[in-house]
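Chains as they are written, first to last, in this note's numbering: chain A, 27 to 503; chain B, 70 to 551; chain C, 45 to 139. This report refers to the structure that appears directly beneath it.
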Amino acid sequence: MSLPTTVAGQLDALAAGHCQAADLIQAAREQGCRHADLNAWISEVEPTAPAAAENAKLGGIPYAHKDLFCTAGVRTTCGSKMLADFVPPYSATVHERLDRAGAVLMGKANMDEFGMGSSNEHSHFGAVLNPWDRQRVAGGSSGGSAALVAARVVPFATATDTGGSIRQPAAFCGVSGIKPTYGRVSRWGMVAYASSLDQGGVIAQTAEDCALVLQQMAGFDERDSTSLQAPVDDYRQALQQPLRGLRIGVAKCFFGSGVSDPVAVAVNAALAQMEAQGAVLVDIDLSHAELAIAAYYLIAPAEASSNLSRYDGVRYGYRCEQPRDLDDLYRRTRSEGFGAEVRKRILLGTYALSAGYYDAYYLRAQKVRRLIAGDYSRAFEGVDLIAGPTAPTVAFKLGEKLADPLAMYASDVNTVGVNLAGLPAMSIPCGFDQGLPIGLQLIGPALSEARLLAAAHQYQLHTGWHQQRPGTSGVPS
Amino acid sequence: MSAAVDAWEAVIGLEVHVQLRTASKMFSGAATAYGAEANCQANVVDVALPGVLPVVNAEAINKAIRFGLAVGGDISADSVFDRKNYFYPDLPKGYQLSQFAQPIVAGGLVHARRADGSLLQVQLTRAHLEEDAGKSIHDAFAGATGVDYNRAGTPLLEVVTEPVLHSAADAVAYLKALHTLVRWLGICDGNMQEGSFRCDANVSVRPRGSDQLGVRSEVKNVNSFRFVEKAISYEIERHIRLCERGEQPVQETRLYDAARDQTRSMRSKEYAEDYRYFPDPDLPPLRLSEAEIAAQREQLPELPQQRYRRYLEELGLSDYDADLLSTERALSDYYEQVAAAAGDAKLAANWVLGEFSAALNSAQLNVEDSPLDSARLGGLLAKLASKEINGKIAKKVFEAMWRSADSAAEAIDRLGLKKIDDSAALAAMVDQLIAQHPEQWAQLQQGQDKLLQFFIGQAMRATRGQADAGVLQGMIRDRLGQ
Amino acid sequence: MAINDDDLDKLCFLARLALNEGDRAPLKSDLQRMLGFVDSLRDADVGDCAPMAHPHDSDLRRRVDAVSSGDQCDQLTALAPAASAGMFLVPKVIE
Chain A
27 MSLPTTVAGQ LDALAAGHCQ AADLIQAARE QGCRHADLNA WISEVEPTAP
77 AAAENAKLGG IPYAHKDLFC TAGVRTTCGS KMLADFVPPY SATVHERLDR
127 AGAVLMGKAN MDEFGMGSSN EHSHFGAVLN PWDRQRVAGG SSGGSAALVA
177 ARVVPFATAT DTGGSIRQPA AFCGVSGIKP TYGRVSRWGM VAYASSLDQG
227 GVIAQTAEDC ALVLQQMAGF DERDSTSLQA PVDDYRQALQ QPLRGLRIGV
277 AKCFFGSGVS DPVAVAVNAA LAQMEAQGAV LVDIDLSHAE LAIAAYYLIA
327 PAEASSNLSR YDGVRYGYRC EQPRDLDDLY RRTRSEGFGA EVRKRILLGT
377 YALSAGYYDA YYLRAQKVRR LIAGDYSRAF EGVDLIAGPT APTVAFKLGE
427 KLADPLAMYA SDVNTVGVNL AGLPAMSIPC GFDQGLPIGL QLIGPALSEA
477 RLLAAAHQYQ LHTGWHQQRP GTSGVPS
Chain B
70 MSAAVDAWEA VIGLEVHVQL RTASKMFSGA ATAYGAEANC QANVVDVALP
120 GVLPVVNAEA INKAIRFGLA VGGDISADSV FDRKNYFYPD LPKGYQLSQF
170 AQPIVAGGLV HARRADGSLL QVQLTRAHLE EDAGKSIHDA FAGATGVDYN
220 RAGTPLLEVV TEPVLHSAAD AVAYLKALHT LVRWLGICDG NMQEGSFRCD
270 ANVSVRPRGS DQLGVRSEVK NVNSFRFVEK AISYEIERHI RLCERGEQPV
320 QETRLYDAAR DQTRSMRSKE YAEDYRYFPD PDLPPLRLSE AEIAAQREQL
370 PELPQQRYRR YLEELGLSDY DADLLSTERA LSDYYEQVAA AAGDAKLAAN
420 WVLGEFSAAL NSAQLNVEDS PLDSARLGGL LAKLASKEIN GKIAKKVFEA
470 MWRSADSAAE AIDRLGLKKI DDSAALAAMV DQLIAQHPEQ WAQLQQGQDK
520 LLQFFIGQAM RATRGQADAG VLQGMIRDRL GQ
Chain C
45 MAINDDDLDK LCFLARLALN EGDRAPLKSD LQRMLGFVDS LRDADVGDCA
95 PMAHPHDSDL RRRVDAVSSG DQCDQLTALA PAASAGMFLV PKVIE
């Protein structure tokens, strides 16, 4: 008997007694072995099937954490040599909540070091391969999470998104991912890259699965001062909301020069499909969108330069051998413990905050940020959602953009604005180019997760892109 | 030297770190109590584990508001916690959370008094909230420094003056007034040995009459009034010596070495630190409503300088007494209660500063631990004020009350010191005394007035002091026909 | 903005990163390009708009002043690369 691979399917099968949690765990382990070459795991854990718990909404469902959610007793590396042996004594709120919901942690997923990267090539544990084409990147920084879901190893994985790190790998791997409103999912225990942009979310095969999992992850947490107190909507119930009458904004800027023709064609086809289901397409203008990426690459490194100062070889994590003195301890620990991309971003962020450059760089970027957020608020006065391509191209070749940081950053052009404005957004599969998945991005106003999930679900009711799965050979099966 | 010294004016600004009295830390739920074993009061937030986040302590904010109101500063409706970035082993996050650009309190005035009694008003620049660092222990390990994060994250209010002080003595007068105020408000325990009240001094000199500021040096973390005075005096002299030689002092941080009574430059780094302050993305801005500020205003006690003026102007106390009674909150509150019960403010002042303080001293007790509560002492003084007993008896009763739980009336009864107010009995005794001392009586009658005291003294001895001297004098004068 | 050797040395000092001489040229060039890229912001008309440090316009929530954690010394120092007598150890610091 073949077991279902979605969260909803597995929950149904468990409820109907068609399988046991142990079967799902076993299947996940076997599928993981088949796809070990993806390098999607950093650590695997020995899971135990949970005792059936009352009200366990995700009871028995296997999953992976992006390896920056702290898990007490299970090492949490952030894809870095700095934390390669770090076993946190406490757990992230997200982990506590999923644990309470009965979900079964299978392991910790590979990622770009501290979330800094768009290809998952900047991991101390090596690059993650794209399940659709092992010559290509899985996207980043949540490449491991996306690859594990795409390869049907686990039905869902947690992920985080600072400038597109959920949506872009979801698009590259042909899966669905939601980056919630900033503050909707607690950041307690989620290792920081850029604190005002980071947001935890979920990658799964379908919008419905995203809804089921996010329901358990979302909600106020008193341990996070930026956590939102608004009640959490019933996401699953909201899925039934049809597309009829939904006003979808289409902004030219998302179809700019870097966007490949096949991507534009597939996204336009998806928009036509949604129109056919009753949605109304409205042209909108996000006039400062082209500044988003520059603002992002100042704000994120500035915050990161400060967030990563705690990795100093004193209290935990990597320490260099035989430090001569304190300065030597700091400098060698940090240079040996951090990878090249992280060091570069720390230096850039340090520069942006330093005396004489603060106003011209950091402060100016924060002003541009307000303009970008303002564009979105104005747009949402006339539309319910905004749609466009998640990434300008399909997954690129491993190594293709490693030498050129700017080319790498350009792949975030359509995703970073959402983080600057703190908005929720999704990426869902909407087509293929040369056998590689294309992602459709949907953006909503603050706290519109229910609306986003519903729109994505309604689209998925009428399309089959999300059901495509990579074969072990790398071609669609 | 003194002519040269007169040609220069010192300019001093002080930054005081006031440790706020809270049970838990500024941004974490770890305890703040002093003296715990190393790292036993540090939690995952205090040692900055990956993924931890700060949540601000309401009590620290309320205490900062009360301080701001007490000094008449502006309480900012919006204040922001910034990150001050630098590396040091006792700074766990690699940044300190501190209100740099938008402090919670702007301006304010501290009222101090110099040793000669003259008034010194010190303008504050600001007071802002920040977190303390841990402690580095340099002498416990061979070749290594140990780090204890127990203190890391303890709430501090940094109180910054304008550069308006011009002598080490004035600096100390200000510090003492500030020390009095923060303890008075109950926001700080004021324990300088434990580091609850620490001072950094910025010192520069300029030609007298100039309105330019000279290059300043900063003396760090001096933790007693005496050392502050010495450190500042040393720095002023050092600056003047340099200027006299035509040299420019360098802007630097110096440490005061109490053993040598001198300051020395701290080791300089290859580059000047650049703290790269920016608003902490983990903490939204702190917004204070009028209602919140008003709630704290309601909790403000009468302030020391207000009490001082009232004692001087309304109660007619001496400057000395008014000062002593408005320095320590517990003593002042005790005095207030005694004065109210006694109905005589001056008498109460004399006794609280006299007998009572002496008794506390010899028993080595704090006011709070006094065996004699203010109501009982007030009761005793009320009897003295109404002349029900005299001063000599009052002292005996005081001693008895100190050692017992008796009220004044009970103690007087128990000691058998109740005043004789039976005038018939007193009159009989006076007549008897006159009969026993005919010579003295004759001399008194001839106008030797000093013998009046002889008869009063004899009567007091006979009554063991329980007679009223005034009544006795009246009776004797009656018999003299005066 | 041109990044010279002294700028790079100063940045490495502030960030406490070591710099191998071999990395100097490529790092300078990368930073140069990244700064050139973000320089596009300089032309943006930001008018008098207020900087936005937080995605939402929210107020700082406060915590009741209560002790909520106890002695975790053993657990925390166990994570340390070097610890002794309940303290974290670093090479001797001379002030």
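For every residue, glycine included, the Cβ atom is placed at its ideal position computed from N, Cα and C.
Residue i and residue j closer than 8 Å at C-beta
i                           : j                            : result
glutamate 362 of chain A    : cysteine 346 of chain A      : yes
isoleucine 144 of chain B   : leucine 357 of chain B       : yes
methionine 137 of chain A   : serine 168 of chain A        : yes
alanine 246 of chain B      : alanine 221 of chain B       : no
aspartate 103 of chain C    : proline 353 of chain B       : yes
arginine 275 of chain B     : glycine 264 of chain B       : no
leucine 193 of chain B      : valine 229 of chain B        : yes
lysine 136 of chain C       : threonine 214 of chain B     : yes
leucine 495 of chain B      : alanine 536 of chain B       : yes
serine 286 of chain B       : methionine 261 of chain B    : no
alanine 270 of chain B      : valine 251 of chain B        : no
threonine 119 of chain A    : tryptophan 214 of chain A    : yes
phenylalanine 81 of chain C : alanine 320 of chain A       : yes
glutamate 301 of chain A    : histidine 483 of chain A     : no
valine 216 of chain B       : aspartate 159 of chain B     : yes
proline 415 of chain A      : phenylalanine 281 of chain A : yes
Simplified DSSP assignment, three categories, for residue i
i                            : result
alanine 129 of chain C       : coil
arginine 398 of chain B      : helix
tryptophan 77 of chain B     : strand
tyrosine 164 of chain B      : strand
leucine 384 of chain B       : coil
aspartate 413 of chain B     : coil
glutamate 362 of chain A     : helix
methionine 243 of chain A    : helix
serine 69 of chain A         : strand
isoleucine 362 of chain B    : helix
arginine 195 of chain B      : strand
aspartate 208 of chain B     : strand
arginine 546 of chain B      : helix
aspartate 537 of chain B     : coil
phenylalanine 266 of chain B : strand
CB-CB length for residue i against residue j, believed under 8 Å
i                      : j                       : result
valine 140 of chain B  : leucine 178 of chain B  : 6 Å
leucine 307 of chain A : leucine 297 of chain A  : 6 Å
valine 191 of chain B  : alanine 181 of chain B  : 6 Å
leucine 122 of chain B : arginine 249 of chain A : 6 Å
proline 161 of chain B : tyrosine 103 of chain B : Contact flag wrong, Cβ pair sits at about 19 Å.
leucine 61 of chain C  : arginine 336 of chain A : Wrong, their Cβ atoms sit about 15 Å apart, outside the cutoff.
Neighbour list for residue i in chain A, Cβ cutoff strictly below 8 Å
i                            : result
phenylalanine 156 of chain B : Ser335, Asp338 and Tyr356
tyrosine 340 of chain B      : In chain order: nothing, as chain A lies at least about 11 Å away.
aspartate 554 of chain B     : The question about residue 554 of chain B has no answer here: the residues shown for chain B are numbered 70 through 551.
Distance cut-off 7 Å: residue i Cβ against heavy atoms of the ligand ADP
i                     : result
valine 306 of chain A : Among the components of this structure there are no ligands whatsoever, and the ligand ADP is therefore not found.
Partner residues on chain C for residue i, Cβ-Cβ distance less than 7 Å
i                            : result
phenylalanine 210 of chain B : Ser128 and Leu133
Neighbour list for residue i in chain C, Cβ cutoff strictly below 9 Å
i                         : result
asparagine 112 of chain B : Ser112, Ser113, Gly114, Gln116 and Leu120
glycine 215 of chain B    : Ala127, Ser128, Ala129, Gly130, Met131, Phe132, Leu133 and Val134
Chain-ordered neighbours of residue i on chain A, where CB pairs are closer than 7 Å
i                       : result
alanine 97 of chain C   : Ser222 and Gln392
arginine 105 of chain C : Ser251
Partners in chain B for residue i, counting only beta-carbon separations shorter than 8 Å
i                         : result
methionine 216 of chain A : Gly120
Within chain B, partners of residue i - CB distance below 9 Å
i                    : result
valine 90 of chain C : Near valine 90 of chain C there are no residues of chain B at all, since even the closest Cβ is about 17 Å away, more than 9 Å.
Chain-ordered neighbours of residue i on chain F, where CB pairs are closer than 8 Å
i                      : result
alanine 117 of chain B : Reference to chain F is not applicable here, since the protein chains of this structure are A, B and C.
**Request:** With a floor of 4 residues, list each alpha helix (DSSP H) that falls wholly inside the segment 48–111 of chain C, ordered by position along the chain.
**Result:** 49–58 and 65–82
**Message:** Quick check for students: name the residue ranges of the alpha helix (DSSP H) that lie wholly in the segment 432–503 of chain B, counting only runs of 4 or more.
**Reply:** 443–454, 460–471 and 477–484
**Message:** Report the start-end ranges of each alpha helix (DSSP H) in the segment 181–262 of chain A that is 4 residues or longer and not cut off at the edges.
**Reply:** 193–199 and 233–243
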